[in-house]
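Colleague:
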Amino acid sequence: MEFDVNHIIELIPELNTAFLQTLYMISVGLLVAVIFGLPIGILIFVTDKGLFLQNRFVNQIVGFIVNMIRSIPFIILLVALIPLTIKLTGSTIGPKAASVPLSVAAIPFFARLVETSLRKIEYGVIEAAIAAGGTPWMIIKDVLLPEAKSGIISGITITVVSLVGTSAMAGVVGGGGIGDLAIRFGYYRYDDTIMITTVVILIVLVQLIQIIGDKIAKAVNK
Amino acid sequence: MININHLSKVYQTKKGEVSGVNNVSLTINEGEIYGIVGYSGAGKSSLVRCINLLERPTKGNITVDGVDLTKLKSEKLRQARLKIGMIFQHFNLVSQKTVFENIAFSLKAAKVPSNQIASRVEELLAMVGLSDKRDVYPGQLSGGQKQRVGIARALANDPKVLLCDEATSALDPTTTKSILQLLKKINKEMNITIVLITHEMDVVKEICHRMAIMQAGKVVEEGDVYEIFASPKNELTREFISSVISFDLPAHVLEKVTGTLVKVIFKGEIAGESIISDMVQKFKVKGNFLHGSIDYIQDAPLGIFVMELNGEKNEVSKAIQYIENRSAHVEVIKDGI
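Just so you know, the sequences run in chain order A and B. For the first sequence, the numbering used here assigns the number 482 to the last residue and increments by one with no breaks. For the second sequence, the numbering used here assigns the number 389 to the last residue and increments by one with no breaks.
1) Starting from V403(A), find everything on chain B with Cβ-Cβ shorter than 7 Å and list it in chain order.
2) Shorter than 8 Å from the beta carbon of T395(A) to some beta carbon of chain B?
3) Could you check which residue in L462(A), T277(A), N315(A), Q314(A) has the C-alpha nearest to that of M429(A)?
4) Which residues mark the beginning and the end of the beta strand (DSSP E) in which R262(B) is found?
5) Can you check the segment 90-131 of chain B for any alpha helix (DSSP H) of at least 4 residues that lies completely inside it and give the ranges in chain order?
6) Measure from the C-beta of L106(B) to each C-beta in chain A and report whether the shortest distance is under 8 Å.
7) Taking 8 Å as the cut-off, decide whether the C-beta atoms of M253(B) and I88(B) are in contact.
8) Let me check understanding here. Comparing Cα to Cα, which of V358(B), N362(B), K365(B) lies closest to V382(B)?
9) What are the boundary residues of the beta strand (DSSP E) that Y348(B) is part of?
10) Report yes if the CB atom of L78(B) is closer than 8 Å to the CB atom of M138(B), and no otherwise.
11) Is the distance from the Cβ of V322(A) to the Cβ of I300(A) below 8 Å?
12) Using 8 Å as the limit for Cβ to Cβ distance, is F140(B) near chain A?
13) Could you confirm whether any beta carbon from chain A is found closer than 8 Å to the beta carbon of G195(B)?
14) Measuring only the C-alpha atoms, how far is I472(A) from N154(B)?
15) For E218(B), count neighbouring Cβ atoms within 10 angstroms of its own Cβ and tell me buried if that reaches 16, exposed if not.
16) Excluding the 5 residues flanking F263(A) on each side, which residues of the same chain have their C-beta closer than 7 Å to its C-beta?
17) Taking 8 Å as the CB-CB limit, is G310(A) close to chain B?
18) When the Cα atoms are used, what is the spatial distance from D474(A) to G415(A)?
19) Excluding sequence positions up to five away, which residues of its chain have a Cβ less than 7 Å from the Cβ of V76(B)?
20) Please state the DSSP three-state secondary structure of H381(B).
21) Determine the direct distance from the alpha carbon of V256(B) to that of D300(B), and round the result to whole angstroms.
22) Please report the Cβ distance between G72(B) and Y86(B), rounded to the nearest whole angstrom; I am assuming they are in contact, meaning their Cβ atoms lie under 8 Å.
23) Closer than 7 Å by beta-carbon distance: list the chain B residues that pair up with G384(A), in chain order.
24) Where V385(A) and V374(A) are concerned, what is the direct C-alpha to C-alpha distance, given to the nearest angstrom?
25) Compare the C-beta of A380(B) with all C-beta atoms of chain A and state if any pair is closer than 8 Å.
26) Looking at G68(B): is its Cβ nearer than 8 Å to the Cβ of N144(B)?
27) Only counting the same chain, and skipping five residues up and downstream in sequence, which positions put a Cβ closer than 7 Å to that of A156(B)?
28) Step through the CB atoms of chain A and report whether any lies within less than 8 Å of the CB of Y189(B).
29) Which residues of chain A have a Cβ atom closer than 8 Å to the Cβ of A162(B), listed in chain order?
30) Under three-state DSSP, which class holds Y189(B)?
31) Can you name, in chain order, every residue of its own chain whose Cβ lies under 7 Å from the Cβ of T110(B), other than the five neighbours on each side?
32) Just to confirm the assignment, what range does the alpha helix (DSSP H) spanning K475(A) have?
33) Taking Cβ to Cβ, would you say A161(B) is nearer than 8 Å to A391(A)?
34) For I286(A), which residues of its own chain have a beta-carbon under 7 Å away from its beta-carbon, when the five flanking residues on both sides are left out?
35) Given this structure, state the Cα-to-Cα distance separating E367(B) from K386(B), to the nearest angstrom.
36) Please identify the residue among K212(B), L235(B), T310(B), R186(B) whose C-alpha is closest to the C-alpha of V151(B).
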């Protein structure tokens, strides 16, 4: 195994592009996950038995779809979603295309995390809001979301970290990003320097995300 | 104000049906403080939750202020709940919202125009004595202060009824007293009907006008608090009363008793009269007090004394008759002869 500092300097432009591509994929994935996953997580929670919008039918259908997507290995989802990817982005390679399956996988993942953090809310608080005559929308907005805020932020952190991992996998199909770089150079060309550098970048990235996420989650908790 | 008619609540569990409330009928009058007492699992919590339909009764119905709540659909029911305040054992405040926001929630639910919310919240805070805590989070408050916020939230929309679910059970005795005083004040000044469930007889003795005792989902005794304290009929009621007014005599005292052991109960004004000393002068009996006290229930005196009467059988029974004639109640615990 060789590690060549000059080689890294040579590859800085490549690393830079890859890093930005990874950030792009994570950002899109996270954005879509929050936009769709948050309401889905809330929907699963409030339609559950004993809750104020109890609806067995909706609850089970949504729950089933979420479980189904979550049970498909990402690499298969990547291939299976090619038609959708082409429809949305007109391509199957590059970070933009890879964002589609990444987002699709992140939605149910985040939705379950949202649901879990909602479940941690003391039921009495919800009961009090119902007794006070709150509408379902008010209870969601003024009780559920504030009370689960810290947990949801932790959920976002976990989702971002998971996106770092899955976005690296997108490299297998030419998705771009740090993972792609690692595969093209590190794996196919036996370039240890690139392999080590990319792994180190990923480790640092994940650590940073976790530290920042924990800090925010703690800061918002009153 | 509140009519509970043949109400039953059955829970479906994995182990089968569990009865929470079993055919309970109660009438709670406007402006009174009504206590529902029982051990945990007696069904009092289910019963109070049926009043604002947090739990839907399996059978029977509930009318509050003339409206049958069991017949209301969601939006109408929500409107009805605005006029039924509720406070809880664990306060149930939104921890991530300030005191102000917690109280404002109720007002927003009633669609109070936003420019009136601030002044109304401040009014409520002044009433519960927390004006300086407007912008703090519940985590920074003591238990008593949290309950005051709960009360302010419950009273935001001028309800006709306030339901209290073990509202003082998580508080220390001093704080409990101050919360009870506040409830009393609310009841008097705003003429709000209060339904209070508790396992503490102290609470009932302190503020309730009428009460019901529940066991296994049923009401076993019901009536005026003073009357129930003076002459409880049910075994469970006696047990509850003995937790606040106890006349158990130590065994070694009982052993020495040779005469007739009686419990004399004076209700109301006569508690202050000299019935016993008159009796001792009139009859050839000796009286010996073993235990006794005058308790004030709703500010009305209730005197209960345990005494030993010594003398001839005839004189003793005449003496007992005399006390009874002067409208005190005598219970013979042990006949000495």
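Virtual Cβ for every residue (Gly too), placed ideally from N, Cα, C.
Modeller: Looking at the atomic coordinates:
1) V146
2) yes
3) L462(A)
4) 262-267
5) 96-103
6) yes
7) no
8) V358(B)
9) 337-349
10) no
11) yes
12) yes
13) no
14) 30 Å
15) buried
16) D452, T453, I456
17) no
18) 10 Å
19) I56, L59, L99, K270, V271
20) strand
21) 21 Å
22) Contact flag wrong, Cβ pair sits at about 19 Å.
23) F140, H142, N144
24) 18 Å
25) no
26) no
27) I169, V173
28) yes
29) G393
30) coil
31) S60, K61, V62
32) 452-480
33) no
34) V420, L423, V424, S427
35) 16 Å
36) R186(B)
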